Structures are given as C-alpha cells and as structure tokens.
Amino acid sequence: MEINKIFFFRGTDLLIKIRQSNAKDCYGAKLAKMLNLGYARVNQLLFLFDKLKLVEFVSLNKRTKGAMLTKKGEEIADNLIAIMKKINA
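80 is the number of the first residue of the sequence shown in this note's numbering; add one for each residue after it.
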C-alpha cells in the first residue's frame, strides 16, 4: 500500500489517539491494543511520523520508547479532531 494511503487511513486514528492519551500510554504495544491494530503497523506509522517530524521518541523507562507529538504533530492532530467532530455532528 502506498505511504500516503497508509498515513491517511490508519495514521489519522493514531495521531488522534496519541493526542488524547497520557504520555505514559503512548508506546507501540499500548497504542496497538487501544486502536486494535497490529504492533508492526503501529511501529511503521510511528517511524513514518518521526520522519515527517510529527512525533519524537522519548524514553519512558529503560526498555520502552514512547511517542510524543511535536508542535507540528499537535496542530495536525487538533485539526483532525476538529474535522472528525464536524463529520460526526
């Protein structure tokens, strides 16, 4: 599947979930479970977001890297949330 399609269909849900979740819950396995997606797909999206400068990885503990939205990522996530609200209204 083309990167743009992967980003649009799965990435929007992931960005919104990262924006609405606590920082300690924003790591690959937890996000995969919350979104009912495969862990590999979530990791693929997180690394794509990193390349696009939407997230940065932070250390949650010695073994776990968490994803934190950058300023650009927060703006995009807020816009997506507003669009979803208008669609569902």
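Just so it is clear, CB atoms sit at the ideal spot from N, CA and C, and this is done for glycine as well. Bear in mind the structure is a predicted one, so any value in this text is a computation, not a measurement.
On the DSSP letters alone, give me the boundaries of the beta strand (DSSP E) that Lys141 sits inside. Locating residue 141 in the sequence shown gives position 62, where the first residue counts as 1. For Lys141, there is no enclosing beta strand (DSSP E), since its DSSP letter is neither H nor E.
Would you call the segment 91–111 in contact with the segment 148–156, where contact means no fewer than 3 C-beta pairs closer than 8 Å? Taking 8 Å as the limit for Cβ pairs, the verdict is that the segment 148–156 does touch the segment 91–111.
C-beta atoms of Ser138 and Lys132 nearer than 8 Å: As a working note, residue 138 is residue 59 in the sequence shown. As a working note, residue 132 is residue 53 in the sequence shown. The answer is no: Cβ separation not under 8 Å.
Check whether the Cβ atoms of Asp129 and Leu114 lie closer than 8 Å to each other. Stepping through the sequence shown from its first residue, residue 129 is reached at position 50. Stepping through the sequence shown from its first residue, residue 114 is reached at position 35. At a Cβ-Cβ threshold of 8 Å, Asp129 and Leu114 do not count as neighbours.
On the premise that Tyr118 lies in contact with Ala102, defined as a C-beta separation below 8 Å, what is that separation, rounded to the nearest angstrom? Start at 1 with the first residue of the sequence shown, and residue 102 comes out as number 23. Start at 1 with the first residue of the sequence shown, and residue 118 comes out as number 39. The Cβ separation is near 19 Å, so there is no contact.
Best match in Arg89, Asn158, Leu148, Met147 for proximity to Leu116 [C-alpha to C-alpha]: To locate residue 116, count along the sequence shown from 1; it is residue 37. Of Arg89, Asn158, Leu148, Met147, the residue nearest in Cα terms is Arg89.
Under a three-way DSSP split, which group does Leu127 fall into? Start at 1 with the first residue of the sequence shown, and residue 127 comes out as number 48. Looking at Leu127 - three-state DSSP - the assignment turns out to be helix.
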